[in-house]
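S.K.: Protein chains in written order, with the working numbering: chain A, 1 to 227; chain B, 1001 to 1227. Beta carbons are placed, not taken as given, at the ideal position from N, Cα and C, and that holds for glycine. Because the structure is a prediction, the values reported are computed rather than measured.
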DNA sequence: ACAAATAGGTAAGTTAGCTGACAATTCGTG
DNA sequence: CACGAATTGTCAGCTAACTTACCTATTTGT
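1. What are the boundary residues of the alpha helix (DSSP H) that residue 1168/B is part of?
2. Given that a residue counts as buried once 16 or more other Cβ atoms are within 10 Å of its Cβ, and exposed if not, what is residue 99/A?
3. Quick one: any contact between the region 1076 to 1083 of chain B and the region 1056 to 1067 of chain B, if contact means 3 or more CB pairs under 8 angstroms?
4. Using CA coordinates, which residue listed in 213/A, 138/A, 160/A and 191/A is at the minimum distance from residue 180/A?
5. Decide yes or no for the touch test of the region 109 to 122 of chain A against the region 1123 to 1131 of chain B: beta carbon pairs closer than 8 angstroms, at least 3 of them.
6. Would DSSP call residue 1212/B helix, strand or coil?
7. List the residues of chain A that residue 1016/B touches, going by C-beta distances under 7 angstroms, in chain order.
8. Closer than 8 angstroms by beta-carbon distance: list the chain B residues that pair up with residue 135/A, in chain order.
9. Quick check: the Cα distance between residue 1033/B and residue 1177/B, rounded to an integer number of angstroms?
10. Could you check which residue in 162/A, 38/A, 44/A and 144/A has the C-alpha nearest to that of residue 211/A?
11. Starting from residue 1117/B, follow the alpha helix (DSSP H) in both directions and report where the run begins and ends.
12. For the structure I just gave you, are there three or more beta carbon pairs, one from the region 1134 to 1152 of chain B and one from the region 1197 to 1207 of chain B, closer than 8 angstroms?
13. Beta-carbon separation of residue 106/A and residue 173/A under 8 angstroms?
14. Between residue 209/A and residue 102/A, what straight-line distance do the alpha-carbon atoms span, to the nearest angstrom?
15. Quick check: residue 85/A and residue 125/A, are their CB atoms within less than 8 angstroms of each other?
16. Taking 8 angstroms as the threshold (beta carbon to beta carbon), is residue 50/A in contact with chain B?
17. Report yes if the C-beta distance between residue 1019/B and residue 1123/B is below 8 angstroms; otherwise report no.
18. Count the other CB atoms within 10 Å of the CB of residue 1193/B; is the residue buried (16 or more) or exposed (fewer)?
19. Within the 8 angstroms Cβ cut-off, does residue 1227/B reach chain A?
20. If contacts are defined as beta-carbon pairs under 8 angstroms, then residue 83/A and residue 53/A qualify, I think. What distance do you get, rounded to the angstrom?
21. How many angstroms separate the CA atom of residue 1110/B from the CA atom of residue 1040/B?
22. Within the same chain, show all residues whose beta-carbon is closer than 6 angstroms to that of residue 191/A, passing over the 5 residues directly before and after it, in chain order.
23. Rounded C-beta distance between residue 1088/B and residue 1113/B? I'm assuming under 8 angstroms.
24. In its own chain, which residues sit with a C-beta less than 7 angstroms from the C-beta of residue 1206/B, not counting the 5 before and 5 after it?
25. Does any CB atom of chain B fall closer than 8 angstroms to the CB of residue 185/A?
26. Taking 7 angstroms as the cut-off, is the C-beta of residue 100/A nearer than that to any heavy atom in the ligand SAM?
27. What first and last residue would you give for the beta strand (DSSP E) that runs through residue 1099/B?
28. Would you tell me roughly how many angstroms separate the C-alpha atoms of residue 1021/B and residue 1189/B, rounded to the nearest one?
29. What does DSSP give as the partner residues of residue 52/A in its beta bridges?
30. Give me the chain A residues within the contact set of residue 1130/B, using Cβ-Cβ distance strictly less than 8 angstroms, ordered along the chain.
31. Going along the region 1143 to 1155 of chain B in order, which residues come within less than 8 angstroms of chain A, judged by CB to CB distance?
32. Measuring straight from C-alpha to C-alpha, what distance separates residue 135/A and residue 15/A?
33. Suppose you measure from the CA of residue 218/A to the CA of residue 73/A; what does that come to, to the nearest Å?
34. By Cβ distance below 6 angstroms, which residues in the same chain neighbour residue 1154/B in space, the five residues on each side in sequence not counted?
35. Can you find a CB in chain A that lies within less than 8 angstroms of the CB of residue 1123/B?
36. Pick helix, strand or coil for residue 1077/B, following the three-state DSSP scheme.
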């Protein structure tokens, strides 16, 4: 990517649009663009220096590994999303997390949180944007979990599917074709259920004529009918 | 409270200790101290002007009311905690929330979001503290929800009890006596379970000799043994 | 092209914890 | 103190969804 283009991407980003060109440079954002290919892994959990990442383009998933080595997909992130040590906190030694690229090409941009902190010092406006972003994330997470807690598996599955398909479908509501990059186990992890139950629910929707799917893609005839 | 005392409270607060006397004044913090008695309600959800609140002393709980009018305790907050529109977000019209004093006397201090935002803009140190605080809150909530999802009710109950008792016990780990201001239903709401199950679990711990409790207080012999 | 690995499909057995119903206790207030 | 309301205690179903187990289809690597 050209320097110019990089600058303008950052300029458009909701978080960084308040930074001057000099501040961008100070943050070392521009030299830290990185392109990763599908299935490439970005470790950010036990990295030597804590970093904050933002996604320029593409899709990736956050996978967490527990003490027994079980891997669970925790989140699906798309362009504009933030991940990494966004709390400025020490990393929790108990859990291990990494990000893995789902789409063919994912462009991310990272910087050290210390640098970020320094920029905040000279540009407090960034702090407000940042808290708004964190607040947004908080809201989304709360929402997600509220669904998880109070609804049954079927409802959770349908809500997840709806959300997924709508995000990928960029606003469309009918005849959306989504590349099926998640396994049944992945989905089970995301909605806190089991592989078998997810399989069952997929087939249920298929038999009801609401969706059509193969291993490589999912076709939803009408998003609104899912509910 | 005397003006002086108010100033020093703010001066000690992790968030506001970086403010000069002039900034404090600009924030209009000092005129906005308020004392509420037990069971008094602080509405902050549909207030005409958005406010951020911090607790000087006492304990209160955040209660949310859903569309059907069911009330659920969402959070227990203590001195130093923040509540209200701390993410600078718009209020969600769909849900109604209020805070209600649990302890005999709760002193809170509030100010308008806009004023706060302005101070943040001109005080980088405050900006950093604030981003850390909000980030920390995000982490805590995420953690809470993760527990809710992946652990069984017994574990959730014990984790909750441990956390509660340790917060009230101010660091002590043995023979902590906690004023029991939560009903079994309240606790059930917090750990996403039912009244009956909470009753059962309380009695289980009691019979196991790990705790002792009446309607008015809970005595935990050794916090570490709970796990 | 084949074996090995991974993903999807189906079913019977099991269980944590929810529901509902009701009794016992405690609290609050005239 | 006495009555009604709120809270706590107990128990017998019930059921959604998890386990375990096994089999088939598809993908991947060499």
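M.R.: On the basis of the data shown:
1. 1153 to 1168
2. buried
3. yes
4. 213/A
5. yes
6. strand
7. Residues of chain A passing the Cβ test: none, with the nearest at roughly 15 angstroms.
8. 1086, 1087, 1088, 1089 and 1134
9. 30 angstroms
10. 162/A
11. 1113 to 1122
12. no
13. no
14. 28 angstroms
15. no
16. no
17. yes
18. buried
19. no
20. 5 angstroms
21. 16 angstroms
22. 156, 157 and 160
23. 6 angstroms
24. 1212 and 1213
25. no
26. The ligand SAM is not part of this structure, which contains no ligands at all.
27. 1096 to 1101
28. 42 angstroms
29. 84/A and 111/A
30. 127 and 131
31. 1145, 1148, 1149 and 1150
32. 13 angstroms
33. 19 angstroms
34. none
35. yes
36. strand
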